[in-house]
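Engineer: One structure is given below, represented as structure tokens, and several questions about it will come after.
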């Protein structure tokens, strides 16, 4: 028995299958057979749709879409500090003979 290659389904297809499952006109097994997917996958997509449906009607982007504020000055300071430490350690290791001139 050969295995079927892994398939990637589009979000539109997943929504179509999940909506069919939510309607309840047919069983999960019938829907899975119709769309040629595993019944567990139909249940998973249905649960994801039910859990995320409230985000569709929300006021703007959710917490997952909000970008965290970045302090650029702090990041540049940290880069400078790490560069200085690396240079210091490289010099110390070279003097100790533990680091060869060729890297």
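Numbering (the working numbering), first residue to last: 1 to 103. Note that CB positions come from ideal geometry on N, CA and C, so glycine has one too.
#1: Would a C-beta distance cut-off of 9 Å place residue 42 and residue 18 closer than the cut-off?
#2: Do residue 90 and residue 99 count as a contact pair if the criterion is CB distance below 9 Å?
#3: For the alpha helix (DSSP H) containing residue 33, name the first residue and the last one.
#4: Looking at C-alpha atoms only, which residue of 6, 26, 38, 50 is the closest neighbour of residue 15?
#5: Could you give the DSSP three-state label for residue 42: helix, strand or coil?
Structural biologist: The structure says:
#1: Contact flag set, yes.
#2: yes
#3: Run containing residue 33: 28-35, per the alpha helix (DSSP H) assignment.
#4: 50
#5: Correct three-state label for residue 42: helix.
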